[in-house]
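The structure appears below as structure tokens.
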Amino acid sequence: MSQYWGSGIGRRTVAAVVVALLVTTVSVGAFAAPAGADGAPVDDYGTLDSVTYLDGCATIDDGGVYVLKQDVSAVTGDCFRVTADGVTLLAAGHTVAADDATGAAVVAADVSGLRIEGFAFDGFRTGVSLAGVEDARVDGVSVRNTSGDGVRVVDSVDVTVEGGGVTGADGHAVRVVDSEAVGVADAALVNNTGSGVAVRRSLATTVVGSRIADNGGMGVRVEEVPRESAPTAAVVGPPSWLLSALGESGLAGPRERAGPPETPDRDPLRVANNSFENNRYEGVLVKNAAGAVVSDNRVVGATDGIHLIDAAAATVAGNNVSGSTDDGIVLARVDDSTVSGNVAAGNGNDGLYLIGSGNDVADNSLADNGDDGADLDGGANNTLVSNRATGNVDDGIYLRESDGNVVVDNALHDNADDGFDVRGSTSNAVYNNSACGNANHDVQVRSGVDGNDVHDNDC
């Protein structure tokens, strides 16, 4: 894929992209309850006198509430260009359709306090394009058939996209670049050429409660998560034309523009409670990140269901992964992480494949996979406790070139080769496991392997 990721980080900002289904079929009167003391209708948007009604596309350069009164078709280029702070743009379910797929349905740059609700966008290059935006919400917006991304957020702060969804995008459904606190929630991101959610160089991204299916890329793809949320203040000086007109002596000099506040208690990345179905590649890919949380997801029909690369201090918990053509859960070069309470069953290769050290693997069910239940390849000082590996085509647990691991209280039953297999590994403690009914050996310690403490592993 030749998808453009966007420009450099610019300023470090805090963005939240959360996507929530809001099907709005609201009449004008619905914006007007309850009534004020003088009988004028009042709601969160103020009196109706403060609302501007739109017949079609517009450049919005004053703050306020704008309501689209009707469907709009045959749009060329951009439709709504927002250049002011404090804009609320409401559609009440109306459709805005493009004629040439060259512009964005809504494009906003360097504004704050933006609300976009209830639209259906069809046939644009991008449905919603936000750059340098602070405090924005995109609620209940449906985007279809874009020639690029459905929703694009770059270098933005506190952006929330709730509900609705993206389908038929030739790019990614949601793309986030150089932003912070980005969330995608309750979205339907289905049948797009790229990934459901593609995130790069962004901190505190959240993807929750969404259905992400049948995409040509990955379900969620996250790369290069920054380690620090504290931004460097930007130095803002006067424009060059003003300097030449007034001279530097008449100016107080440049000022610092504060970046977004630090929020050290947030997860650097959280992907939770989603349903991933039949995406072409990984259900979830996280690369070059620390502290990621991937929890309580259902992943069906990926290559690898959940794949973490070059990560540390991650949590992979409570996921149900099945039908992957390769491994269910992969942790490659991942250290000091927790893998617990997952079900990895019926995958084409291993239920769990782990390269890394200092990881805790506990209370997982690894059953009926096409190779091993758990394959530890080249790591050290991992702990495997209270896992159940049954009915796998090869071994229940396989340790190779892995030293100093503790394997305790696991149930290793009815695997087609060994219950537990140690090869080329030393200083491992393997005891109090229940290993029986395996086709070859219940416990297999290969010849030439020394220094392992293996005992009390009968059923």
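Read in order, the letters of the sequence shown are residues 1 to 459 in full-length UniProt numbering.
From the three backbone atoms N, C-alpha and C, an ideal C-beta is built for every residue, glycine too.
Measuring CB to CB, does residue i end up less than 8 Å from residue j?
| i | j | result |
| --- | --- | --- |
| G328 | L352 | yes |
| A92 | G123 | no |
| G373 | G396 | yes |
| E180 | L203 | yes |
| D135 | G163 | no |
| D453 | V430 | yes |
| D360 | T383 | yes |
| G318 | D350 | no |
| G63 | T52 | no |
| G171 | D149 | yes |
| D304 | S275 | no |
| L189 | V225 | no |
| V207 | D178 | no |
| S337 | A362 | no |
| L130 | S147 | no |
| V294 | V330 | no |
| M218 | N278 | no |
| V106 | I116 | yes |
| G168 | R144 | yes |
| N342 | G358 | no |
DSSP three-state call for residue i: helix, strand or coil?
| i | result |
| --- | --- |
| V235 | Here the model assigns V235 a pLDDT of 38, short of 50, so the residue's position is not dependable, and the following value carries that caveat. The answer is strand: DSSP assigns V235 an E or B state. |
| N457 | coil |
| S295 | strand |
| S50 | helix |
| A429 | strand |
| G451 | coil |
| A181 | coil |
| T167 | strand |
| V276 | Here residue 276 is Phe; the residue named in the question, Val, does not match the sequence. Looking at F276 - three-state DSSP - the assignment turns out to be strand. |
| Y281 | coil |
| T390 | strand |
| T205 | strand |
| Q444 | strand |
| G219 | coil |
| T59 | strand |
| D421 | strand |
| S73 | strand |
| T102 | coil |
| A16 | With a pLDDT of 38 at A16, under the threshold of 50, the modelled position of this residue cannot be trusted; read the value that follows with caution. Three-state DSSP puts A16 in coil, outside helix and strand. |
| N349 | coil |
| A37 | With a pLDDT of 36 at A37, under the threshold of 50, the predicted position of this residue should be treated as unreliable, and no value is reported. |
| D395 | coil |
| D377 | strand |
| P254 | Residue placement at P254 is poorly supported in this model, since its pLDDT is 37, which falls under 50; the coordinates still yield a value, given next. Coil at P254, not helix or strand. |
Quickly, what does DSSP pair residue i with across the bridge? List them, please.
| i | result |
| --- | --- |
| H94 | According to DSSP, which records beta bridges pairwise, H94 is partnered with nothing at all. |
| A136 | L114, V159 |
| T338 | T315, D360 |
| C436 | H413 |
| R333 | Looking at the DSSP assignment, R333 forms no beta bridge with any residue, so it has no partner. |
| W302 | Reading off the sequence, residue 302 comes out as Ala, not Trp. Its beta-bridge partners do not exist; DSSP assigns none. |
| residue 460 | In the structure as shown, the chain begins at 1 and stops at 459. Residue 460 is therefore absent and cannot be evaluated. |
| S402 | DSSP output for S402 lists no bridge partner at all. |
| S324 | Answer is none; S324 lacks a bridge partner. |
Between which two residues does the beta strand (DSSP E) holding residue i run?
| i | result |
| --- | --- |
| H307 | 306-312 |
| A411 | 411-413 |
| K69 | Looking at the DSSP string, K69 is not in any beta strand (DSSP E), and its letter there is neither H nor E. |
| T383 | 383-385 |
| D368 | Unbroken run through D368: none, as it is neither H nor E. |
| N145 | Run containing N145: none; DSSP gives neither H nor E here. |
| V82 | 80-82 |
| A120 | 120-122 |
| G127 | 126-131 |
| S195 | Premise fails: S195 is in no beta strand (DSSP E) and is neither H nor E. |
| V408 | 406-408 |
| R227 | Taken as a continuous stretch (DSSP letters only), R227 belongs to no beta strand (DSSP E), as it is neither H nor E. |
| A187 | Careful: A187 lies outside any beta strand (DSSP E) and carries neither H nor E. |
| A213 | 211-213 |
Could you check how far apart the C-beta atoms of residue i and residue j are, in whole angstroms? I think they sit under 8 Å.
| i | j | result |
| --- | --- | --- |
| R400 | S427 | Contact flag wrong, Cβ pair sits at about 14 Å. |
| A290 | V321 | So it is not a contact: roughly 22 Å between Cβ atoms. |
| V300 | V284 | 12 Å between Cβ atoms; not a contact. |
| D421 | Y398 | 5 Å |
| G127 | V111 | The Cβ separation is near 17 Å, so there is no contact. |
Under 8 Å between C-beta atoms, does residue i make it to chain B?
| i | result |
| --- | --- |
| R388 | The displayed structure is made up of one protein chain only, and chain B is not part of it. |
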